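Quick notes on the structure that follows.
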Amino acid sequence: MKYFAKKLAGLIATLLVVSFLVFLAFAVIPGDPATAMLGTEATPARVEALREELGLNAPLIERYAKWIADFVRGDMGTSYSYHMAVTEMIADKIPVTLALTAISFFLIVVISIPLGITCARYMDGALDHIIVVANQVIMAVPPFFSGILITLVFGLVLHLFTPGGYVSYRTDWARFLGYMFFPALAIALPKIAMSTKLLRTSVLSEMKADYVRTAYSRGNGTRAVLYRHVLKNALIPVVTFLGMALSDMVAGSIIVEQVFNVPGLGRILLTSISNRDYPVVQAIIVCIAFLVILINFLVDLLYKLVDPRITME
Amino acid sequence: MLDVIDLNLEFHDHLVPETVVYDFDLHMEPGEIVGLVGESGSGKSMTALAIAGLLSRHDMQKRGKILFEGQDLLTCRRSELRSLQGDDIAMIFQEPMTSLNPVYRIGPQVEEALRIHSPGIDKEERKRRAIQMLADVDLEEPERVYDAYPHQLSGGMRQRVMIAAAMICGPKLLIADEPTTALDVTVQAQIVKLLKRINREKKTAILFISHDLSLIRQLCQRVVVMQGGRIVESGSIEEVYGSPRMEYTQKLIAAIPRCEKKYARRQSGKSAQSAKGGMQDGR
Amino acid sequence: MKKKRSKNFTAGAILTGVMLLFVLVGFFWTPYDPETMDKSVKLAGVSFAHPMGCDNFGRDILSRVLKGSGTTFLVAVGTVAIGTLCGTVLGAFTGYFGGIVDEVFMRINDALFAFPSILLGLVFISLLGSGKYNVIVALGIAFVPSFARIVRGEFIRCKNLDYVRSAKLAGAGDLRIMFVHILPNILTVLSSSVMIGFNNAVLAEAGMSYLGIGVQPPDASLGRMLSEAQTYLFSAPGYALFPGIVLILMVLGFSLLSEGLKE
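Residue numbers (this note's numbering), protein chains in the order written: chain V, 52 to 364; chain D, 82 to 364; chain W, 18 to 280.
Here it is in structure tokens:
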């Protein structure tokens, strides 16, 4: 419980620092939001009035406090280019990106864990050699290129899905998932390779541990030693890796969404960057950062579950 | 009960095959405590692992016979070997710090041999026996220990836990591979006392491996001395300690610190008597 | 096991050598002018005249891949240079001196670590605007935290070692100890992270250019070629495949090399 409280305090501190850094970055850029909203033909008086209205003349810290308070209440500001609430713009995009990340995470876990164990168990066998080499190559393929290859092979040649034929989760859940499987696979592939490799190495080194010898001395067979004793120990570094991979995948999904024409956070982020629509960019960046920090927090808790030795110092 | 005949262990992991144990012979009666002594690298631990059936590396060759109640452990099937391991033959190790699985609680680890070899026993009964066993090895608050993780216990406590886990099925042979080396001197004495009591109460034969002659003297009836993979001397404690035939054994005995040697002699005399007395009481 | 690792190293060294040669050739010579359009060979397939075919404007893909991998390479080198330089200096000072500055710096660094580096790159791009040099600066800054963290850890480890203490007793100044005595000892660790950083930079640049916010025309870029090729994926798969394969080989070489370097 104390562990939880300390981690929670750390979480809130990090959230504040991160949001302040982002706020600061967008506060110091040249260019005046009021001018940007009104256009260059606006009279100085009108600009000044809007500045006052937006609270831009207040000190930085005060502006940050107001912004973060609004943010927590769900008011993320107003878009320069669309003149609508940012919250409204991104509300239905967040589930799409989340779903994409969740599906690819699911794929990583269900594919890499059995594969890593199999490799370790039949070390130096034919399958192991093939997977080790394949892993090395797959790790070098950027997700957007594997996305293109998947589009070519599964979409255009095998007709398993229609490239660009995204179906909203509001229309049809099943078809949404069916379409999302392919971009999720593209994001997951390099992580599957890394995770498999890590688990293989980890299992092999744990198999040399003293407690393994103890387990054999009690009459366990190799399978029982592997699944009952080694696996939980071997998963500890994999959990750390998966936590780091998750934050990477959230960012990776921004690119892969473009390959598969998925209208998630990535699309709107890119449009806003091109339009220099800072409130939107700022809100999305903070949202993604919060998501990543939250994931790390959950991984820390999970870590405690897997490894009883973890204590807060 | 246990007959090791002409055991040879040879490793093939280097260019030149390396023999670590030559023509090892050992006979053990039920309920007997035999000491196996030698400096590090003398092959004693390898011999112990071979008898426990834990040397299953592919890059080595095992020749000879290890007969446990007439069954050869070197040639029998893996499943037959496994049905003996943990049930009739149990083992404890040098490093109590790492020999327990760090991510599981003590309870399931103590019960494990019981779960494997007596699947008919239900959960509650297993737990009851495990807690009883933890109490039997002189652990205070056995219920608390049952729910603890290994890292929450001291080295001595962990070695007691290892002994409890090894004894849970009431094995006929307990192989103790330098079980006290990693522990403090005071804890060493306690563990030796505990092993002695277990041997007396449960009639478990113990093969006690150590490089410490004074410990062997406190605990064992017979001793086998190894050097460079070969047996150089064997016999009863009195014979070997009273008139060591080999120069090597003399050196080993001479290496026992002096005052401790006197103490050990007195102790072994006493314990030989008390062991006799105990046997008479038993009758 | 040992044999296998040296196999990794050999394969990595050969592959990296070939790719460096490829990039180097691209700087000085391309079979065609990468910008010249020729309508007659629009989306042409693989042929002797055009080993990788032609794109939708009839430009020779091999020439563009040569130029593009050069751009990618330069951006990656620039990124890693900025990241390593700033990261090493920051990490060295904070790790060596510790104290309140270190404390504050690590807080900020931890916070920045919450951003995947490509996202951090996107933030800086949105502040600086796109283009080759801005990508270098943006990614370079984005890579500083990870390098700083590694160097800081190494400096903390080394600063209490005997050779550092004896250097101090001999009267060496702090700067001399940091950069003459400690730095050479952490080069192995650093070089491995430089290679991994190089790969991440290649992938990040390609990703950003693919998104259209990285390198801008007329600079050719592998990422940008891939995004243009996607439209013609079915009719001219080679247009996407060749730049992609070159990209993979570039990354693969360095990853094998760093794998081999880890002994």
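Where a beta carbon is used, it is the ideal one built from N, C-alpha and C, also for glycine.
Remember, it's a predicted structure, so these values are computed and weren't measured experimentally.
Proximity test, residue i beta-carbon vs the ligand FMN heavy atom, cut-off 7 Å
| i | result |
| --- | --- |
| residue 242 of chain D | The model depicted lacks the ligand FMN and carries no ligand whatsoever. |
Exposure label - residue i; buried when at least 16 CB within 10 Å
| i | result |
| --- | --- |
| residue 330 of chain V | buried |
| residue 84 of chain W | buried |
| residue 267 of chain D | exposed |
| residue 225 of chain V | exposed |
| residue 166 of chain D | buried |
| residue 95 of chain D | exposed |
| residue 192 of chain W | exposed |
| residue 134 of chain D | buried |
| residue 213 of chain D | exposed |
| residue 257 of chain V | buried |
| residue 190 of chain W | exposed |
| residue 57 of chain V | exposed |
| residue 280 of chain V | buried |
| residue 226 of chain W | buried |
| residue 251 of chain V | buried |
| residue 48 of chain W | exposed |
| residue 111 of chain D | exposed |
| residue 327 of chain D | exposed |
| residue 130 of chain D | buried |
Strand pairing of residue i, partner residues [DSSP]
| i | result |
| --- | --- |
| residue 89 of chain D | D:144 |
| residue 289 of chain D | D:116 and D:257 |
| residue 149 of chain D | D:83 and D:152 |
| residue 304 of chain D | D:116 and D:316 |
| residue 171 of chain D | D:255 |
| residue 311 of chain D | D:308 |
| residue 136 of chain V | V:129 |
| residue 105 of chain D | D:88 |
| residue 157 of chain D | Paired residues: none, contrary to the question. |
Cβ-Cβ separation, residue j to residue i (assumed contact under 8 Å), whole Å
| i | j | result |
| --- | --- | --- |
| residue 223 of chain D | residue 215 of chain D | 4 Å |
| residue 123 of chain D | residue 310 of chain D | 7 Å |
| residue 220 of chain V | residue 227 of chain V | 4 Å |
| residue 234 of chain V | residue 310 of chain V | 7 Å |
| residue 153 of chain W | residue 99 of chain W | 7 Å |
| residue 34 of chain W | residue 55 of chain W | With a Cβ gap of about 33 Å, residue 34 of chain W and residue 55 of chain W do not count as contacting. |
| residue 76 of chain V | residue 135 of chain W | With a Cβ gap of about 16 Å, residue 76 of chain V and residue 135 of chain W do not count as contacting. |
| residue 78 of chain V | residue 111 of chain V | 6 Å |
| residue 144 of chain V | residue 345 of chain V | Actually they are not in contact, since the Cβ atoms of residue 144 of chain V and residue 345 of chain V sit about 18 Å apart, beyond 8 Å. |
| residue 105 of chain D | residue 141 of chain D | Not quite, the Cβ-Cβ distance comes to about 15 Å (not below 8 Å), so this is no contact. |
Amino acids of chain W, ordered along the chain, whose beta-carbon sits closer than 7 Å to that of residue i
| i | result |
| --- | --- |
| residue 191 of chain V | 265, 268, 269 and 272 |
Cross-chain neighbours of residue i in chain W, by beta carbon under 8 Å
| i | result |
| --- | --- |
| residue 163 of chain V | None at all; the shortest Cβ gap to chain W is about 18 Å. |
| residue 299 of chain V | 133 |
| residue 76 of chain V | 140 and 144 |
Listed by chain order, chain V residues near residue i by CB distance under 9 Å
| i | result |
| --- | --- |
| residue 285 of chain D | Ordered by position in chain V, no residue passes the 9 Å Cβ test against residue 285 of chain D, which lies about 15 Å from the chain. |
| residue 125 of chain W | 68 and 72 |
| residue 174 of chain D | 261, 264, 265 and 268 |
| residue 227 of chain W | 193, 195, 196, 306, 309 and 310 |
Residue i: contacting residues in chain D (beta-carbon distance under 7 Å)
| i | result |
| --- | --- |
| residue 283 of chain V | 184 |
| residue 280 of chain V | 182 |
| residue 272 of chain V | 163 |
Within chain V, partners of residue i - CB distance below 7 Å
| i | result |
| --- | --- |
| residue 150 of chain W | Those within 7 Å of residue 150 of chain W in chain V number zero; the least Cβ separation is about 17 Å. |
| residue 129 of chain D | Those do not exist, as residue 129 of chain D stays about 11 Å from chain V at its closest Cβ, beyond 7 Å. |
| residue 272 of chain D | Within 7 Å Cβ-Cβ: nothing; residue 272 of chain D doesn't reach chain V, min ~17 Å. |
Partner residues on chain V for residue i, Cβ-Cβ distance less than 8 Å
| i | result |
| --- | --- |
| residue 93 of chain D | Those do not exist, as residue 93 of chain D stays about 16 Å from chain V at its closest Cβ, beyond 8 Å. |
| residue 142 of chain W | 324 |
Interface partners of residue i on chain D, CB under 9 Å
| i | result |
| --- | --- |
| residue 176 of chain V | Chain D residues near residue 176 of chain V: none, gap ~13 Å exceeds 9 Å. |
| residue 294 of chain V | Chain D residues near residue 294 of chain V: none, gap ~18 Å exceeds 9 Å. |
Partners in chain W for residue i, counting only beta-carbon separations shorter than 9 Å
| i | result |
| --- | --- |
| residue 286 of chain V | Chain W residues near residue 286 of chain V: none, gap ~22 Å exceeds 9 Å. |
| residue 321 of chain V | 139, 228, 229 and 230 |
| residue 65 of chain V | 124, 127, 128 and 131 |
| Under 7 Å (Cβ pairs) to chain D, residues found in the segment 108-124 of chain V | none
Please name the residues in the segment 148-171 of chain D whose beta-carbon is closer than 9 Å to at least one beta-carbon of chain V, in chain order. 159, 160, 162, 163, 164, 165, 166, 167, 168, 170 and 171
Could you please tell me which residues of the segment 238-255 of chain W, in chain order, have their CB closer than 9 Å to any CB of chain V?
-> 240, 243, 244, 246, 247, 250, 251 and 254
Worksheet entry | Short-range partners of chain D found in the segment 339-363 of chain V, where Cβ spacing is below 8 Å | 357, 358, 359 and 360
Members of the segment 204-229 of chain V near chain W, C-beta cut-off 9 Å
206, 207, 208 and 214
* **Selection of the segment 204-228 of chain W by Cβ proximity to chain V, strictly under 8 Å** => 216, 220, 223, 224, 227 and 228
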